[in-house]
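S.K.: Submitted below is the structure of interest, expressed as structure tokens.
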Amino acid sequence: MTILLEELNASGRCTLPIDESNTIHLKVIEQRPDPPVVQEYDVPVFTEDKEDFCNSQWDLTTQQILPYIDGFRHVQKISAEADVELNLVRIAVQNLLYYGVVTLASILQYSNVYCPTPKVQDLVDDKSLQEECLSYVTKQGHKRASLRDVFQLYSSLSPGTTVRDLIGRHPQQLQRVDERRLVQFGLMKNLIRRLQKYPVRVSREERSHPARLYTGCHSYDEICCKTGMSYQELDERLENDPNIIICWK
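All letters in the sequence shown, in the order written, are residues 16 to 264 by my numbering.
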């Protein structure tokens with residue numbers, strides 16, 4: 016018992032030989048909070064370098080979807096391309112979330128709108144965060160991006176400014192910065208947040224279809240995934256419907 020207590024306290028694990036054929040392996044399991052429910056429109060993003068990730072320790076379903084997790088494909092797309100049933104993909108991603116292997120982001124489109132959070136100041140104060148950020152967002156084969164350019168790009172995000180607008184206004188700063196990875200890193204570190212569009216039906220008329228999704232509780236991402244419509248198709252449909260208003264939040 017003394018050996019058991021000492022080893023568990025020291026390293027969190029202990030091996031106890033019983034006889035020539037039997038050994039007991041003990042390990043203290045870290046208590047983790049339950050991960051959020053994974054939706055079909057969520058995008059899993061690796062929290063560490065994918066190349067350093069060992070996939071042999073995971074179940075067969077997880078191993079099958081790992082090649083399709085690139086930080087840009089959403090769960091429904093991963094399910095289709097990996098040919099794995101959607102609920103199984105959601106469970107596998109939720110398991111990866113539990114162990115901190117991935118985090119979740121929203122679908123990235125150039126029509127998306129983002130704004131900085133107070134945590135963007137950490138990019139100025141935290142040297143290790145600066146190093147991580149610049150390594151992450153610099154385009155492959157280019158000279159390393161400057162902190163000044165990256166901070167200016169984050170600070171230029173605002174309500175009403177799409178990613179496409181950002182690219183048009185800051186071509187000089189984006190010469191060495193990958194705008195997709197810029198957004199991805201900002202979301203992962205909570206430096207920025209996305210403003211999403213939520214349609215709200217303000218009339219009881221049935222012209223607004225599918226009405227059950229126009230309650231102000233369902234984002235464009237969710238509606239497009241559930242109906243198969245593109246963002247442009249949904250935009251056109253709602254713009255022509257006088258019974259619908261758009262809430263940004």
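The beta-carbon is built from N, C-alpha and C at its ideal position, and this holds for glycine as well.
With 16 other CB atoms within 10 Å as the buried threshold, where does S36 fall?
M.R.: So S36 counts as exposed.
S.K.: Give me, in chain order, the residues of the same chain whose beta-carbon lies closer than 8 Å to that of I259; leave out the 5 immediate sequence neighbours on both sides.
M.R.: Contacts found: P214, V215, R216, V217, S223, Y229, L253.
S.K.: Taking 8 Å as the cut-off, decide whether the C-beta atoms of V165 and V152 are in contact.
M.R.: Taking 8 Å as the Cβ cut-off, V165 and V152 qualify as a contacting pair.
S.K.: Beta-carbon within less than 6 Å of Y83's beta-carbon, same chain only, minus the 5 sequence neighbours each way: which residues are those?
M.R.: Counting only Cβ-Cβ distances below 6 Å, and skipping sequence neighbours, we find I93, E96, A97.
S.K.: Which of the three DSSP states, helix, strand or coil, is assigned to R216?
M.R.: DSSP places R216 in strand when its eight states are reduced to three.
S.K.: Within 10 angstroms of its Cβ, does L119 collect 16 or more other Cβ (buried), or is it exposed?
M.R.: It counts as buried.
S.K.: Leaving aside the five residues before and after R196 along the sequence, list all residues of the same chain whose C-beta is less than 7 Å from its C-beta, in chain order.
M.R.: Y151, V152.
S.K.: Can you give me the Cβ contacts of F200 inside the same chain, cut-off strictly under 7 Å, excluding the 5 residues immediately before and after it?
M.R.: Only C148, Y151, V152 meet the Cβ criterion.
S.K.: Is it buried or exposed for K142, if we count other Cβ within 10 angstroms and need 16 for buried?
M.R.: With fewer than 16 Cβ atoms within 10 Å of its Cβ, K142 is classed as exposed.
S.K.: On the DSSP letters alone, give me the boundaries of the beta strand (DSSP E) that A120 sits inside.
M.R.: Start and end: 117–120.
S.K.: Spell out a yes or no on whether the segment 73–88 and the segment 47–55 are touching, meaning 3 or more CB-CB pairs, one atom from each, closer than 8 Å.
M.R.: In short, these stretches do not touch, since the Cβ pair count stays below three.
S.K.: Can you tell me whether DSSP reads T38 as helix, strand or coil?
M.R.: The answer is strand: DSSP assigns T38 an E or B state.
S.K.: Short check: CB of Q91 to CB of L81, under 8 Å?
M.R.: Cβ atoms of Q91 and L81: not closer than 8 Å.
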